[in-house]
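Asker: Position one of the sequence shown corresponds to residue 0 (numbering that gives the first Met the number 0), numbered consecutively onward.
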Amino acid sequence: MKIEGVDVIITSPGRNFVTLKLTTSDGVVGLGDATLNGRELAVASYLRDHIVPLLIGRDADNIEDTWQYLYRGPYWRRGPVTMAAIAAVDMALWDIKGKVAGLPVYQLLGGRSRRGALAYGHASGTTVDALFIAIHNLLDDGFKAIRIQTGVPGLAKVYGVGNDQLAGQKYDYEPAGRTAVPIQEDWDTAAYLRHIPKVFEAVRAEFGAALPLLHDAHHRLTPNQGAQLGRSLEPFDLFWLEDCTPAENQEGLRRVRSQTTTPLAIGEVFNSIFDYQTLITEQLIDYVRSSATHAGGITGLRKIMDFAAIYQIKSGIHGPTDVSPVGMAAALHLDIAIHNFGIQEFMVHNERTLEVFQTSYTFIDGLLDPGENPGLGVELDESAAAAFEYTPAYLPVNRLLDGTMHDW
Ligand SMILES: O=NC(=O)[C@@H](O)[C@H](O)[C@H](O)CO
Ligand SMILES: [Co+2]
Numbered sequence: 000m001k002i003e004g005v006d007v008i009i010t011s012p013g014r015n016f017v018t019l020k021l022t023t024s025d026g027v028v029g030l031g032d033a034t035l036n037g038r039e040l041a042v043a044s045y046l047r048d049h050i051v052p053l054l055i056g057r058d059a060d061n062i063e064d065t066w067q068y069l070y071r072g073p074y075w076r077r078g079p080v081t082m083a084a085i086a087a088v089d090m091a092l093w094d095i096k097g098k099v100a101g102l103p104v105y106q107l108l109g110g111r112s113r114r115g116a117l118a119y120g121h122a123s124g125t126t127v128d129a130l131f132i133a134i135h136n137l138l139d140d141g142f143k144a145i146r147i148q149t150g151v152p153g154l155a156k157v158y159g160v161g162n163d164q165l166a167g168q169k170y171d172y173e174p175a176g177r178t179a180v181p182i183q184e185d186w187d188t189a190a191y192l193r194h195i196p197k198v199f200e201a202v203r204a205e206f207g208a209a210l211p212l213l214h215d216a217h218h219r220l221t222p223n224q225g226a227q228l229g230r231s232l233e234p235f236d237l238f239w240l241e242d243c244t245p246a247e248n249q250e251g252l253r254r255v256r257s258q259t260t261t262p263l264a265i266g267e268v269f270n271s272i273f274d275y276q277t278l279i280t281e282q283l284i285d286y287v288r289s290s291a292t293h294a295g296g297i298t299g300l301r302k303i304m305d306f307a308a309i310y311q312i313k314s315g316i317h318g319p320t321d322v323s324p325v326g327m328a329a330a331l332h333l334d335i336a337i338h339n340f341g342i343q344e345f346m347v348h349n350e351r352t353l354e355v356f357q358t359s360y361t362f363i364d365g366l367l368d369p370g371e372n373p374g375l376g377v378e379l380d381e382s383a384a385a386a387f388e389y390t391p392a393y394l395p396v397n398r399l400l401d402g403t404m405h406d407w
């Protein structure tokens, strides 16, 4: 069965998505997510200009060989653009293989290892009161685990805090601003480190000790500051503290790990198994955050998760609204099949996105499930997609109060 058609579909139902559509000589269609927030056109070009010519005529059955061909063939390896492009091809080939077999992809990955995948939602508020409203809304929606982000006194806008009026609504936070250049946010680490423990103390007092709570420091701390935060949050028993420090310097996590028992999650910006090599072999983290969309697809992320399993490290697949429903579905098939599943981020796409992408995954009683449709279980309505033009959008940049460029 040969690959005959290769289309790159860019659509923007509220935010930009890049989708790869493969069509085989038998007319079977596979979809793959290639969305890289703020750099969508780079991946679209990588696909259109450099991958499409290589795919036409290739055997659609050979997923591993295609992955290796696209990973080793370009000579220049790894990186978010390359691995998102490879991810889209990989997902589309798994989608095709499932449709041909008449099986949901998780059945091809070893079958079901759990009833459903525990999801966590995003609660945010500029104030603790607004945050409480958001938490109640998510609990009402059935979430059994919740990420907590709040404003920081003295700072106008902080990562992960949406519009209080939308508090807890299903998609109350899209970080990429539709502006010609990135908007600038300000940051004050000392104010943040003073504030966050008080927020968790208030949340635990209001919602009790058992509710799984997560928090994302979003790469903004030094290793020692990450250690300080991890220690200060130990009394509040977090499910995880995410991106406590930029982790390209993987050894930096040794400092954090040696000082705190707060569980650590790293890697939504990582795209290769080598980005995790020290983090995993030295057990410096508890959860791997990469999405299938950004880490070379189902094939790429499965390799990372099987490596992590040896060291008792679990998945915490990245599931923001800038991973498309196709990427979300790919994650859910892995979530259901792998043994070392941890939790799945679920920001919930907006209605317009779900007009373009018809999904069959479900969220019931706090658990996500990919469903039983053959393949990944997502269809793309191309005429609906065409109605939403690409619009440049960028993630913010972040500076310290003295103007020094910092991590966002
Ligand atoms: O844990 N989730 C996150 O950190 C996300 O909200 C990221 O900021 C966005 O996906 C970046 O595009
Ligand atoms: Co994050």
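All residues carry an ideal CB built from backbone N, CA and C; glycine is no exception.
Inspect the CB distances between the stretch 295-306 and the stretch 40-49 and report whether three or more fall short of 8 Å.
Answerer: The stretch 295-306, when compared against the stretch 40-49, does not touch it at the 8 Å Cβ threshold.
Asker: Since Ala86 and Gly31 are thought to touch, with beta carbons under 8 Å apart, how far apart are those beta carbons, to the nearest angstrom?
Answerer: On the sequence shown, position 87 is the one that residue 86 refers to. On the sequence shown, position 32 is the one that residue 31 refers to. Ala86 to Gly31, Cβ: 7 Å. Contact.
Asker: Going by other Cβ atoms of all chains shown within 10 Å of its Cβ, with 16 needed for buried, is Gln164 buried or exposed?
Answerer: Position 165 of the sequence shown, counting from 1, holds the residue named residue 164. When all chains shown are included, Gln164 counts as exposed.
Asker: Since I believe Gly374 is in contact with Asp94 (beta carbons under 8 Å), could you give me their beta-carbon distance rounded to a whole number of angstroms?
Answerer: Against the sequence shown, residue 94 aligns to sequence position 95. Against the sequence shown, residue 374 aligns to sequence position 375. That pair is a contact at about 4 Å.
Asker: Taking a contact to mean a Cβ-Cβ separation below 7 Å, would you say Pro408 touches His332 in this structure?
Answerer: Any property of residue 408 remains undetermined from this structure, which presents the chain solely from 0 to 407.
Asker: Quick one, are the C-beta atoms of Ala392 and Arg177 less than 7 Å apart?
Answerer: Within the sequence shown, the letter at position 393 stands for residue 392. Within the sequence shown, the letter at position 178 stands for residue 177. Yes, the Cβ-Cβ distance between Ala392 and Arg177 is below 7 Å.
Asker: Assess contact between the stretch 135-145 and the stretch 106-123, defined as three or more Cβ pairs (one per stretch) separated by less than 8 Å. Is contact present?
Answerer: Contact between the stretch 135-145 and the stretch 106-123 is present, because at least three Cβ pairs lie under 8 Å.
Asker: Where do the N-terminal and C-terminal ends of the alpha helix (DSSP H) with Phe306 fall, by residue?
Answerer: Within the sequence shown, numbered from 1, the residue matching residue 306 stands at position 307. Gly296 to Ala308 is the extent of the alpha helix (DSSP H) around Phe306.
Asker: Identify the residues that DSSP records as bridge partners of Trp239: which are they?
Answerer: Within the sequence shown, the letter at position 240 stands for residue 239. Note: Trp239 sits in a beta bridge opposite Leu213.
Asker: Extract the residue ranges of the beta strand (DSSP E) inside the stretch 128-189, only unbroken runs of 3 or more that lie entirely within it.
Answerer: Counting whole runs of 3 or more residues, the stretch 128-189 contains the beta strand (DSSP E) stretches 145-149 and 183-186.
Asker: Output the distance between the C-alpha atoms of Ile363 and Ala84, rounded to the nearest integer angstrom.
Answerer: As a first step, residue 363 is located in the sequence shown; it is residue number 364 there, counting from the start. As a first step, residue 84 is located in the sequence shown; it is residue number 85 there, counting from the start. If I take the Cα positions, the gap works out to 32 Å.
Asker: Closest to Ala129 by CA distance: which of Gly110, Val160 and Leu107 is it?
Answerer: Working through the sequence shown from its first residue, we reach residue 129 at position 130. Here the closest residue by C-alpha is Val160.
Asker: With a cut-off of 8 Å on the beta carbons, I'd call Leu283 and Arg253 a contact; round off their distance for me.
Answerer: Start at 1 with the first residue of the sequence shown, and residue 283 comes out as number 284. Start at 1 with the first residue of the sequence shown, and residue 253 comes out as number 254. Leu283 to Arg253, Cβ: 6 Å. Contact.
Asker: DSSP three-state call for Ile284: helix, strand or coil?
Answerer: Mapped onto the sequence shown, residue 284 falls at position 285. The answer is coil: DSSP assigns Ile284 none of H, G, I, E or B.
Asker: Our contact map puts Glu241 next to Ala209 with C-beta atoms below 8 Å; I'd like the distance itself, whole angstroms only.
Answerer: Stepping through the sequence shown from its first residue, residue 241 is reached at position 242. Stepping through the sequence shown from its first residue, residue 209 is reached at position 210. Rounded, the Cβ-Cβ distance is 20 Å, inconsistent with contact.
Asker: Does the beta carbon of Arg219 come closer than 7 Å to any beta carbon on chain D?
Answerer: No chain D appears in the structure shown, which is made up of a single protein chain.
Asker: If you follow the alpha helix (DSSP H) that His49 is in, where does it begin and where does it stop?
Answerer: The sequence position of residue 49 within the sequence shown is 50, counting from 1. Per DSSP, His49 belongs to no alpha helix (DSSP H) and is neither H nor E.
Asker: What residue from Pro152, Leu108, Asn162 and Lys156 has the CA that sits closest to Ala133's CA?
Answerer: Working through the sequence shown from its first residue, we reach residue 133 at position 134. Looking at the Cα atoms, Asn162 is the closest of the given residues.
Asker: Is it buried or exposed, Ala189, if we count other Cβ atoms within 10 angstroms and call 16 or more buried?
Answerer: Numbered from 1 along the sequence shown, position 190 holds the residue referred to as residue 189. Classification for Ala189: exposed.
Asker: Please return the same chain residues whose Cβ sits closer than 6 Å to the Cβ of Pro395, not counting the five positions on each side in sequence.
Answerer: Within the sequence shown, numbered from 1, the residue matching residue 395 stands at position 396. Same-chain partners within the cutoff: Pro181, Ile182, Glu184 and Trp407.
Asker: Quick one: what's got a C-beta closer than 6 Å to Lys1's C-beta in the same chain, skipping five residues either side?
Answerer: Indexing the sequence shown from 1 puts residue 1 at position 2. If we look at Lys1 and ignore the five residues flanking it on each side, its Cβ neighbours are Ser24 and Gly56.
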